[in-house]
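A short write-up of the structure that comes next.
Number of protein chains: 2
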Amino acid sequence: SLPPPTLERLPVYVRVLDDLARHGETTASSSRVAELAGVAPAQVRKDLSRLGTYGTRGVGYDVADLAAHVRRALRLSDAHRVIVVGAGHLGQAVARYGGLRARGFEVVALTDVDPAVVGRSVDGVLVRHEDDLAEVVASTGATLAVLAVPPGAAQGTLDALAAAGVVSVLSFVPGRLTVPDGMAVRVVDVAAELQILSFYASSP
Amino acid sequence: SLPPPTLERLPVYVRVLDDLARHGETTASSSRVAELAGVAPAQVRKDLSRLGTYGTRGVGYDVADLAAHVRRALRLSDAHRVIVVGAGHLGQAVARYGGLRARGFEVVALTDVDPAVVGRSVDGVLVRHEDDLAEVVASTGATLAVLAVPPGAAQGTLDALAAAGVVSVLSFVPGRLTVPDGMAVRVVDVAAELQILSFYASSP
Ligand SMILES: NC(=O)c1ccc[n+]([C@@H]2O[C@H](COP(=O)([O-])OP(=O)(O)OC[C@H]3O[C@@H](n4cnc5c(N)ncnc54)[C@H](O)[C@@H]3O)[C@@H](O)[C@H]2O)c1
Ligand SMILES: NC(=O)c1ccc[n+]([C@@H]2O[C@H](COP(=O)([O-])OP(=O)(O)OC[C@H]3O[C@@H](n4cnc5c(N)ncnc54)[C@H](O)[C@@H]3O)[C@@H](O)[C@H]2O)c1
């Protein structure tokens, strides 16, 4: 099966290949894909050979073919339903993000505890009360959640998500979390990204 | 020197070690660090040995010592100044994020083009007009930028950042961008993270 670093580059390749197809480019070399993906060409060839796909010398890869291959490897099938927990600045930005629907992710609900926010809608999606989380998950069929609550509320909402049957969470709250059994949590952290950027900026 | 996957895990180790120190844990085993970092214990040992640090059998690592080692490897020195381009939902969430200041990143300005937003302040930081970007960068000494503008404005603002001398950008706009020479751009994409989560959820 695929090593995690390769797997984690596949969404970038899908995005790049979809972009090439939109611009009418039907074939692409590994260096063309590499340039748009921000990855070294040799790494692209290595990753794609792990999927069992090879370009034709002098021509490159067939864009539509390769995109289908990469989607299959990522198991991108039908749409996934997403719930955004915390409808503040970050939660609203995520719920409105056009890149989600474009890749088969539909935000079906947001939850919050603030009476000024509950009952309103964000881009047509209703904000429900956090207390109704289990019922919202059951009625919408959400399988993925994005966690955008203040640090103090993170553990409680994570446990409530596990109890409601959501097993995959993308968290923006980087403090210490005890991850419930059987749940997968990925963390996005702007500070960590900036630390990596500043490392490369300081390298000669 | 450090392979990128190792380097990109270092900010997580710094966060975990700081967290252990805050909780009064002065030593930690590689599996303790691994558990909090969401990384396999063998990977932690391998990464740390690349920095030339080894734990003591049966005791583990000295937390304060290791944190200093990892910070040095990441070249985390003085504070870095950050400008947030686009003061909408996402830009405001980033500007208010407590995790930045805690790790030596100070948001010194936001820019926008919307007259309803320009001149207001977010968490005490003034929103300037995008037209003043060069002057704002010069007067604040910002070296890093976070890009949180609509897709149509991304290329123009990226070019303006390069012209103003900012060489490191964290972009939330995943469309095709032509990266100016000498600039490093990292992309955060919630959709890509959700694709990876849904892959692991579908793996037996
Ligand atoms: N990791 C990152 O890079 C990053 C970047 C920006 C913000 N953040 C973090 O994301 C979180 C959200 O940031 P924000 O700017 O949107 O904050 P915000 O205050 O605007 O929004 C938080 C929302 O969560 C709601 N909330 C509180 N308790 C809740 C609960 N138990 N259940 C559901 N909703 C609850 C609040 O009512 C509020 O609407 C914060 O923890 C912040 O530190 C992380
Ligand atoms: N990558 C991801 O995971 C992710 C997640 C959420 C949002 N997004 C993207 O982030 C961007 C911001 O999202 P949002 O919800 O905050 O949108 P928003 O509309 O609330 O904010 C965008 C802001 O940018 C400002 N702006 C427009 N042109 C500008 C320019 N030339 N210079 C400076 N500012 C300018 C607007 O006036 C507005 O205030 C969008 O492109 C969105 O698609 C990405």
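For the record, the sequence lines run as chains Z and G.
Residue numbering for the first sequence follows the working numbering, starting at 1 and increasing by one per position.
Residue numbering for the second sequence follows the working numbering, starting at 205 and increasing by one per position.
Glycine included, each C-beta is placed from N, C-alpha and C at the ideal position.
Computed from a predicted model, the values in this text were never measured in an experiment.
Exercise for review: Taking Z/T140 as part of the alpha helix (DSSP H), name the residues at either end of that continuous run.
Suggested key: L133 to T140
Exercise for review: Closer than 7 Å, Cβ to Cβ, to anything on chain Z: give me those residues from the stretch 222-234 of chain G, in chain order.
Suggested key: D223
Point to revise | Interface residues of chain G facing Z/V167 [CB-CB closer than 8 Å] | key: A405
Check your understanding: Do you know how far the Cα of G/V317 is from the Cα of G/F308?
Key -> It should be pointed out that residue 308 of chain G corresponds to Gly in this sequence rather than to Phe. So the two alpha carbons sit approximately 28 Å from each other.
Practice item. Using a Cβ cut-off of 9 Å, pull out every chain Z residue sitting near G/L365, in sequence order please. Key: The contacting residues do not exist; G/L365 stays about 13 Å from chain Z at best.
Check your understanding: In terms of residue numbering, what span does the beta strand (DSSP E) encompassing G/S407 cover?
Key -> Per DSSP, G/S407 belongs to no beta strand (DSSP E) and is neither H nor E.
Exercise for review: Answer with buried or exposed for G/Y191, where buried requires no fewer than 16 other C-beta atoms within 10 angstroms of its C-beta.
Suggested key: No answer is possible for residue 191 of chain G: the residues shown for chain G start at 205 and end at 408.
**Study point:** Interface flag, G/H273 vs chain Z, CB-CB below 7 Å
**Key:** no
Check your understanding: Using a threshold of 6 Å, is the CB atom of G/E334 nearer than that to any non-hydrogen atom of ligand 2?
Key -> yes
Check your understanding: Is G/L337 close to chain Z, meaning its C-beta is less than 7 Å from at least one C-beta of that chain?
Key -> no
Practice item. Keeping to the same chain, check which residues put their C-beta closer than 8 Å to that of Z/V169; ignore five residues upstream and five downstream. Key: L144, A145, V146, L147, L158, L161, M183, A184, V185 and R186
Check your understanding: Got a sec: which bits of the stretch 69-94 of chain Z sit with their beta carbon under 9 Å from any beta carbon on chain G, in order along the chain?
Key -> A73, L74, R75, L76, S77, H80, V82, G88, H89, L90, G91, Q92, A93 and V94
Check your understanding: If you run the structure through DSSP and keep just helix, strand and coil, what is G/L206?
Key -> coil
Check your understanding: Hey, which unbroken runs of the alpha helix (DSSP H) at 4 residues or more fall wholly within the stretch 31-100 of chain Z?
Key -> 41-50, 63-73 and 89-95
Practice item. Answer yes or no: does any C-beta atom of chain Z fall closer than 7 Å to that of G/A346? Key: no
Check your understanding: Beta-carbon separation of G/G328 and Z/P174 under 7 Å?
Key -> no
Exercise for review: Could you tell me the boundaries of the beta strand (DSSP E) in which Z/L147 lies?
Suggested key: L144 to L147
Review point. Which whole-angstrom value is the C-beta distance of Z/V205 and Z/A79, which I expect to be below 8 Å?
Key: With chain Z running from 1 to 204 in the structure shown, residue 205 of chain Z is simply not present.
Exercise for review: Give a single yes or no on whether Z/P150 has its beta carbon closer than 6 Å to a heavy atom of ligand 1.
Suggested key: yes
Exercise for review: Would you mind telling me which residues of chain G sit closer than 7 Å to Z/E193, beta carbon to beta carbon, in chain order?
Suggested key: L374, R390 and V392
Practice item. Taking C-beta pairs closer than 7 Å, name the residues in chain B that Z/E8 reaches, listed in chain order. Key: Although the question refers to chain B, the structure presented lacks it and instead comprises the protein chains Z and G.
Review point. If you run the structure through DSSP and keep just helix, strand and coil, what is Z/V264?
Key: This structure gives no information on residue 264 of chain Z, because the portion of chain Z shown stretches from 1 to 204.
Check your understanding: How is the alpha helix (DSSP H) around Z/T111 delimited, first residue to last?
Key -> Segment F105 to D112 is the beta strand (DSSP E) holding Z/T111; no alpha helix (DSSP H) there.
Review point. Can you tell which of Z/V136, Z/A67, Z/K46 and Z/R75 has the C-alpha that lies nearest to the C-alpha of Z/T26?
Key: Z/A67
Point to revise | Chain-order list of residues whose beta-carbon lies under 8 Å from that of G/S402 (same chain, five-residue window excluded) | key: none
Review point. How about G/L304: is its C-beta nearer than 7 Å to some C-beta of chain Z?
Key: yes
Practice item. Just the chain Z side, please: which residues come within less than 7 Å of G/R307 by C-beta, in chain order? Key: A191 and Q195
Check your understanding: Hey, would you say the C-beta of Z/R96 is under 6 Å away from at least one heavy atom of ligand 2?
Key -> yes
Check your understanding: In the DSSP assignment, what are the bridge partners of G/A388?
Key -> G/S372
Review point. Excluding the five sequence neighbours on either side, which residues of its own chain have a C-beta within less than 7 Å of the C-beta of G/A232, listed in chain order?
Key: L224, G264, Y265 and V267
**Study point:** Beta-carbon gap between G/V298 and Z/V82 smaller than 7 Å
**Key:** no
Check your understanding: What residues match up with G/V326 in a beta bridge as DSSP calls it?
Key -> G/V329
Review point. Roughly how many angstroms lie between the CA atoms of Z/Y97 and Z/H89, to the nearest whole one?
Key: 12 Å
Exercise for review: Find the nearest neighbour of Z/D47 within the set Z/I196, Z/T178 and Z/L10, judged by alpha-carbon distance.
Suggested key: Z/L10
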